[in-house]
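Asks: Chains as they are written, first to last, in our numbering: chain Z, 253 to 359; chain P, 7 to 116. This is the structure, below, for whatever I ask next.
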Amino acid sequence: GIQVEQSPPDLILQEGANSTLRCNFSDSVNNLQWFHQNPWGQLINLFYIPSGTKQNGRLSATTVATERYSLLYISSSQTTDSGVYFCAVTGANNLFFGTGTRLTVIP
Amino acid sequence: DAGITQSPRHKVTETGTPVTLRCHQTENHRYMYWYRQDPGHGLRLIHYSYGVKDTDKGEVSDGYSVSRSKTEDFLLTLESATSSQTSVYFCAISEGYEQFFGPGTRLTVL
Numbered sequence: 253g254i255q256v257e258q259s260p261p262d263l264i265l266q267e268g269a270n271s272t273l274r275c276n277f278s279d280s281v282n283n284l285q286w287f288h289q290n291p292w293g294q295l296i297n298l299f300y301i302p303s304g305t306k307q308n309g310r311l312s313a314t315t316v317a318t319e320r321y322s323l324l325y326i327s328s329s330q331t332t333d334s335g336v337y338f339c340a341v342t343g344a345n346n347l348f349f350g351t352g353t354r355l356t357v358i359p
Numbered sequence: 007d008a009g010i011t012q013s014p015r016h017k018v019t020e021t022g023t024p025v026t027l028r029c030h031q032t033e034n035h036r037y038m039y040w041y042r043q044d045p046g047h048g049l050r051l052i053h054y055s056y057g058v059k060d061t062d063k064g065e066v067s068d069g070y071s072v073s074r075s076k077t078e079d080f081l082l083t084l085e086s087a088t089s090s091q092t093s094v095y096f097c098a099i100s101e102g103y104e105q106f107f108g109p110g111t112r113l114t115v116l
């Protein structure tokens, strides 16, 4: 299957700080999604972004498919941003997940 | 909200017992999926369905079976549960290329 690597594995931020999360993948894909898993375990869709750049409030994402990576930007972080951020890519009918970046935002 | 519910939400069972988890969707999506989530592994695909009575295996299908007799329901069965199947199980549907997940079922096999 497709290998998906995320970095950093853990990140601790002061409230108000900015951060960049990275996702590298091993093969060409026709789908890339970013998810946030909140402390209650719920998986929340952030972006569907196979290529290009999208923005949603304080969050934005960029995927460079030809270079096989995607970046998730979080600006002016808030404590509610805490949780695990997953990148996932599709090959055939399988969605391959990275192991996530655990973000902790400190007040 | 993609209209996905899972039941039960929590279950504790003993090794060797059969277990069935249910995923229900209200929006007539053709594709449905079962994943498991374990520490250090992210989510991994167990089985998926592309229509009524049409299913296929995913990355970690050993020890699991599925059935889909109605569009809205996708069942995951552990015929004889083992401790290695202790996990959180997520159901998902797809709209185009984008997948949406249910709330999850936490299963503990003692």
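Even for Gly, the Cβ is constructed at its ideal location relative to N, Cα and C.
1) Compare the beta carbon distance of Z:F287 and Z:I254 with 8 Å and say whether it is the shorter of the two.
2) Considering Cα atoms alone, identify which of P:G48, P:H47 and P:G64 is closest to P:S55.
3) Indicate the three-state DSSP secondary structure (helix, strand or coil) for Z:E319 in the structure shown.
4) Three-state secondary structure (DSSP) at P:T77?
5) If we define contact as Cβ-Cβ less than 8 Å, is P:P14 a contact residue for chain Z?
6) Since P:L27 sits in a beta bridge, which residues does DSSP pair it with?
7) Report the CB separation of Z:T353 from P:G46 in whole angstroms; it is logged as a contact under 8 Å.
8) Taking the DSSP output, what are the residues bridged to P:H16?
9) Against chain P, does Z:G335 count as a neighbour if the rule is that its beta carbon must be under 8 Å from one of theirs?
10) Assign P:H53 to buried or exposed, taking buried as 16 or more other Cβ atoms, counted over all protein chains shown, within 10 Å of its Cβ.
11) Closest to Z:W292 by C-alpha separation, out of Z:L347, Z:T332 and Z:F349, would be which residue?
12) Taking 7 Å as the cut-off, is the C-beta of P:Y103 nearer than that to any heavy atom in the ligand ADP?
13) Can you confirm whether the segment 7-16 of chain P touches the segment 339-348 of chain Z when touching is taken to mean that 3 or more C-beta pairs between the two stretches lie within less than 8 Å?
14) Helix or strand or just coil, what does DSSP make of Z:T332?
15) Give the secondary structure of P:S93 by DSSP, where H, G and I count as helix, E and B as strand, and everything else as coil.
16) Kindly give me the distance between the Cβ atoms of Z:Q294 and Z:F338, rounded to whole angstroms, as I take these residues to be in contact under 8 Å.
17) Taking three-plus beta-carbon pairs below 8 Å as touching, is the segment 88-104 of chain P in contact with the segment 37-51 of chain P?
18) Where Z:T356 and P:T61 are concerned, what is the direct C-alpha to C-alpha distance, given to the nearest angstrom?
19) So what's Z:R274 in DSSP terms, helix, strand or just coil?
20) At what residues does the beta strand (DSSP E) containing Z:Y300 begin and finish?
Replies: Considering the structure as presented:
1) no
2) P:G64
3) helix
4) coil
5) no
6) P:L82
7) Between P:G46 and Z:T353 the Cβ distance is about 13 Å, and since that is not below 8 Å, they are no contact.
8) P:R112
9) no
10) buried
11) Residue Z:T332 is the option with its Cα nearest to Z:W292.
12) The ligand ADP is not among the ligands present in this structure, which contains no ligands whatsoever.
13) No, they do not touch.
14) helix
15) strand
16) Rounded, the Cβ-Cβ distance is 12 Å, inconsistent with contact.
17) Output reads yes: the segment 37-51 of chain P touches the segment 88-104 of chain P.
18) 39 Å
19) In this structure, DSSP gives Z:R274 an extended state, which the three-state scheme calls strand.
20) L295 to Y300
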